[in-house]
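Step one of this worksheet: look at the structure below.
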Amino acid sequence: MKDRKVVCRCEDLTEEEIVHAIELGYDDLESLKRFTGATTGPCQGKGCLMHILRILSQKTGKSVDEIGVTTQRQPVNPVPLYILAAKKGDEE
Amino acid sequence: MKVAVIGGGVAGLSAAYFLAKSGVNVKVFEQKYLLYGASGRNSGGLTVQFNSEPLIRLAKRTLELYDSIQSEVGFNFLLRRDGYVKIAGEGEESELKKEVEFQRRNGVNVELMEPEFVRELFPDINTFAFSVASYYADGGVVFPWPVVWGLAKGCRELGVEVYDYTPANVELKGNELVVKANGESYKVDYVINAAGAWSDEISKQVGVELGNKVYREEICVTESLKPYVDPYIMDISTGVYFSQSMRGEIVGGILGSETTTLETKASLDFLTSYAKRITELVPKLRGMAILRQWAGLYDVGRNGIPVIGETKVKGFIQLNGFGRHGMSLALAAGEGVAELITKGKSSIIEPFKP
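If you read the protein sequences in the order shown, they are chains A and B.
Counting from 1, position 66 in the first sequence corresponds to residue 66 in the numbering used here; the numbering is continuous, with no gaps.
Just remember that the numbering used here sits 1000 ahead of the position in the second sequence, which is counted from 1.
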């Protein structure tokens, strides 16, 4: 259990799982993100992207610059639907 | 025989998969990563509720193929057949009724239902927000990503080269088709143009006018909930649709509109329009937060239907124009194109020839 290194808390992913996905051939950031779900949970990558980049860089030998980053999807922080649905002048 | 497929989406990979099963030498060229195009950006709705007999046939066959392919390639597509429900307000009631009559005449087991019935399927729906529903019990939702991964895996195991991050250009030299990619030239007997929103571009390279229209559509997801929305729900009055993914997110969007730029920027306008309608349809979702949003591009054939078949350029085959229904149609279309190439004829795709 002490070897279980969690690198993505939202999707409960360990370093081992990321490495396994890379070994399966999901070895570019966009594919790795989608296959594992890393960076797509509530933190939207704020907590995990750096870990994912590090592991990917170590496994593939590519520099972090070469790997790049994924598209940052809006919103930056989660926004409740009632706020988005509010009309001008609505109170809450 | 050598075949090059342009586009690593559901359509192209399906064609490649069935060709490879017949022993054909196939290469697939994807300009970006697999899932970059519409096959990786859609909401996974599966239905046969279409307005023409050939489309219904294609959709029925595609539904069958999901079952066989996922066991053949050993990949779970996370497919649920919990029903596909179209709902409509008073303004679109007669349109939906006509559609249901047409589909029933064509052997589709679709039923016209009262709002109360939809509430039995999904208790949180607001029955005052629509007046009638069309229910297709065998429809549902598939997770598009594993479909693409599974097809790619199946292809590779059959010896297909699937190149990602590899833009390709097609050239016509005399009567010969040549695909240029990876800094190399590949002479092929057939080129399958399955490039989705980029199909026009590919088609022009060999002098074939395709004229597909490009649409841009936006989708968003909420944080995850325990599974509780079973069917895929599509409101034809406002174009708003939603379902729940196997990860628990409520995935929803609004029908797209035509665009002239191939851009996938997401907009706040979409998010506020969607939020307004989804909270009318399902008031309990008000407190749920939107986690992420994105946009995607798809192409619609010139006549509003897919374009599938050989063009005036011998060996150049169109497999595009599926609109927002690629997940419901493209597997069978790919199978049809493989049949066309290996047997010279395929009746299921015949009505869609360019």
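By construction, the Cβ of each residue, glycine as well, lies at the ideal position given by its N, Cα and C atoms.
Using a beta-carbon distance cut-off of less than 8 angstroms, what residues from the region 1319-1343 of chain B approach chain A? none
Should P1167 (chain B) and Q1031 (chain B) be called a contact, given that it needs their Cβ atoms to be closer than 8 angstroms? Taking the first residue of the second sequence as position 1, residue 1167 (chain B) is located at position 167. Taking the first residue of the second sequence as position 1, residue 1031 (chain B) is located at position 31. Closer than 8 angstroms, so yes.
Rounded to whole angstroms, what's the CA-CA distance from E97 (chain A) to V19 (chain A)? Just pull it up for me. Lying outside 1 to 92, the shown extent of chain A, residue 97 (chain A) is not represented and no answer is given.
Just the Cα atoms here: how many angstroms apart are N1042 (chain B) and L1058 (chain B)? As a working note, residue 1042 (chain B) is residue 42 in the second sequence. As a working note, residue 1058 (chain B) is residue 58 in the second sequence. C-alpha separation (whole angstroms): 19 angstroms.
Helix or strand or just coil, what does DSSP make of K87 (chain A)? Sequence index remark: in the first sequence, residue 87 (chain A) carries index 87 (1-based). K87 (chain A) falls in the coil class under three-state DSSP.
Along the chain, which unbroken stretches of the beta strand (DSSP E) at least 3 residues long are found entirely within the region 1283-1327 of chain B? 1289-1300, 1307-1310, 1316-1320
Under a three-way DSSP split, which group does Q72 (chain A) fall into? Counted from its first residue, the first sequence places residue 72 (chain A) at position 72. Here Q72 (chain A) sits in coil by DSSP.
Listed by chain order, chain A residues near L1034 (chain B) by CB distance under 7 angstroms: As a position in the second sequence, residue 1034 (chain B) is number 34, starting the count at 1. Result: S31.
For a test of the three-state rule: what should DSSP assign to M1246 (chain B), helix, strand or coil? Working through the second sequence from its first residue, we reach residue 1246 (chain B) at position 246. Correct three-state label for M1246 (chain B): coil.
Would you please state the rounded distance, in angstroms, between the beta carbons of G1301 (chain B) and I1349 (chain B)? I believe it to be under 8 angstroms. Here residue 1301 (chain B) refers to the residue found at position 301 when the second sequence is read from its first residue. Here residue 1349 (chain B) refers to the residue found at position 349 when the second sequence is read from its first residue. Their Cβ separation, rounded to whole angstroms, is 12 angstroms, which puts G1301 (chain B) and I1349 (chain B) out of contact at 8 angstroms.
Output needed for R1324 (chain B): all residues of its chain with C-beta closer than 6 angstroms, excluding positions within five of it in sequence on either side, in chain order. On the second sequence, residue 1324 (chain B) is found 324 positions in, with the first residue counted as 1. Correct list, in chain order: Y1298.
When DSSP builds the beta bridges, which residues end up paired with S1134 (chain B)? Against the second sequence, residue 1134 (chain B) aligns to sequence position 134. BP columns for S1134 (chain B) point to B:K1086, B:L1112.
Residues of the region 1098-1109 of chain B whose Cβ lies closer than 9 angstroms to any Cβ of chain A, in chain order: none
Any C-beta of chain B under 8 angstroms from that of A21 (chain A): Locating residue 21 (chain A) in the first sequence gives position 21, counting from the first residue. Judged by the 8 angstroms Cβ criterion, A21 (chain A) is not in contact with chain B.
In the region 1150-1217 of chain B, which residue ranges form an unbroken beta strand (DSSP E) of at least 3 residues, counting only runs that do not cross its ends? 1161-1163, 1169-1173, 1176-1181, 1184-1188, 1190-1193
Determine, using beta-carbon pairs with one atom in the region 1190-1200 of chain B and one in the region 1006-1015 of chain B, whether at least three such pairs fall under 8 angstroms. Between the region 1190-1200 of chain B and the region 1006-1015 of chain B, the count of Cβ pairs shorter than 8 angstroms is three or higher; the stretches touch.
First and last residue of the beta strand (DSSP E) that includes F1102 (chain B)? Taking the second sequence and counting its residues from 1, the one referred to as residue 1102 (chain B) is at position 102. Unbroken run through F1102 (chain B) is the alpha helix (DSSP H), 1093-1105; no beta strand (DSSP E).
State the Cα-Cα distance for the pair A1295 (chain B) and E1111 (chain B), rounded to the nearest angstrom. Taking the second sequence and counting its residues from 1, the one referred to as residue 1295 (chain B) is at position 295. Taking the second sequence and counting its residues from 1, the one referred to as residue 1111 (chain B) is at position 111. Going by the C-alpha atoms only, they are around 32 angstroms apart.
Applying the criterion that 16 or more other CB atoms from any shown protein chain within 10 Å of the CB defines a buried residue, is T1260 (chain B) buried or exposed? Sequence index remark: in the second sequence, residue 1260 (chain B) carries index 260 (1-based). T1260 (chain B) is exposed by the Cβ-count criterion.
9 angstroms Cβ cut-off: residues of chain A touching Q1293 (chain B): Here residue 1293 (chain B) corresponds to residue number 293 of the second sequence, with the count starting at 1. Chain A residues near Q1293 (chain B): R73, Q74, P75.
Taking the alpha carbon of S1237 (chain B) as the point to measure from, which residue in B:I1254, B:M1001, B:I1006, B:A1004 has its own alpha carbon closest? By 1-based counting over the second sequence, the position of residue 1237 (chain B) is 237. The residue from B:I1254, B:M1001, B:I1006, B:A1004 with its alpha-carbon nearest to that of S1237 (chain B) is B:I1254.
E1223 (chain B) CB to nearest chain A CB: under 8 angstroms? On the second sequence, position 223 is the one that residue 1223 (chain B) refers to. Closer than 8 angstroms to some Cβ of chain A, the Cβ of E1223 (chain B) qualifies, so yes.
Considering only the alpha carbon of each residue, which of A:I67, A:E23, A:V6 lies closest to E15 (chain A)? Position 15 of the first sequence, counting from 1, holds the residue named residue 15 (chain A). That would be A:V6, whose Cα lies nearest to the Cα of E15 (chain A).
Buried or exposed, going by whether 16 or more other CB atoms sit within 10 Å of the CB of D65 (chain A)? Translated into positions along the first sequence, residue 65 (chain A) becomes position 65. Per the 10 Å Cβ criterion, exposed.
Chain-ordered chain A contacts of K1276 (chain B) [CB-CB under 7 angstroms]: The residue labelled residue 1276 (chain B) in the question sits at position 276 within the second sequence. Within 7 angstroms Cβ-Cβ: A85.
Under 8 angstroms, do Y1033 (chain B) and S31 (chain A) count as touching if we go by C-beta distance? To locate residue 1033 (chain B), count along the second sequence from 1; it is residue 33. To locate residue 31 (chain A), count along the first sequence from 1; it is residue 31. Taking 8 angstroms as the Cβ cut-off, Y1033 (chain B) and S31 (chain A) qualify as a contacting pair.
Below 8 angstroms CB to CB, which residues in the same chain sit around I1219 (chain B) once its five sequence neighbours on both sides are set aside? Here the question's residue 1219 (chain B) lines up with position 219 in the second sequence. Same-chain partners within the cutoff: R1041, N1042, S1043, V1251, G1252, G1253, Q1293, W1294, A1295, G1296.
C-alpha distance - N1126 (chain B) paired with G1287 (chain B), whole-angstrom precision: If you number the second sequence from 1, residue 1126 (chain B) lands on position 126. If you number the second sequence from 1, residue 1287 (chain B) lands on position 287. Cα to Cα, N1126 (chain B) sits roughly 16 angstroms from G1287 (chain B).
DSSP state of I1254 (chain B) mapped onto helix, strand, coil: In the second sequence, the residue the question calls residue 1254 (chain B) occupies position 254. Looking at I1254 (chain B) - three-state DSSP - the assignment turns out to be strand.
CB of D36 (chain A) within 8 angstroms of CB of L53 (chain A), strictly: One-based indexing of the first sequence puts residue 36 (chain A) at position 36. One-based indexing of the first sequence puts residue 53 (chain A) at position 53. Going by the sequence as given, residue 36 (chain A) is Thr instead of Asp. No, they are not a contact pair.
Inspect the CB distances between the region 1156-1163 of chain B and the region 1080-1100 of chain B and report whether three or more fall short of 8 angstroms. no
Kindly say whether A1020 (chain B), judged by its beta-carbon, lies nearer than 8 angstroms to any beta-carbon of chain A. Taking the second sequence and counting its residues from 1, the one referred to as residue 1020 (chain B) is at position 20. Taking Cβ atoms only, chain A never reaches closer than 8 angstroms to A1020 (chain B), which makes this a no.
What does DSSP give as the partner residue(s) for R1080 (chain B) in the beta ladder? The residue given as residue 1080 (chain B) occupies position 80 in the second sequence. Beta-bridge analysis with DSSP links R1080 (chain B) to B:V1141.
Looking at L1121 (chain B) and D1230 (chain B), is the spacing between their C-beta atoms short of 8 angstroms? Here residue 1230 (chain B) refers to the residue found at position 230 when the second sequence is read from its first residue. Here residue 1121 (chain B) refers to the residue found at position 121 when the second sequence is read from its first residue. Against a cut-off of 8 angstroms, the Cβ pair of L1121 (chain B) and D1230 (chain B) comes out as a contact.
Following the continuous beta strand (DSSP E) through V1028 (chain B), name the residue where it begins and the one where it ends. For the purposes of this step, residue 1028 (chain B) is taken as residue 28 along the second sequence, with counting starting at 1. Segment 1025-1029, the beta strand (DSSP E) holding V1028 (chain B).
Segment limits, alpha helix (DSSP H) that includes Y1017 (chain B): Numbered from 1 along the second sequence, position 17 holds the residue referred to as residue 1017 (chain B). Run containing Y1017 (chain B): 1010-1021, per the alpha helix (DSSP H) assignment.
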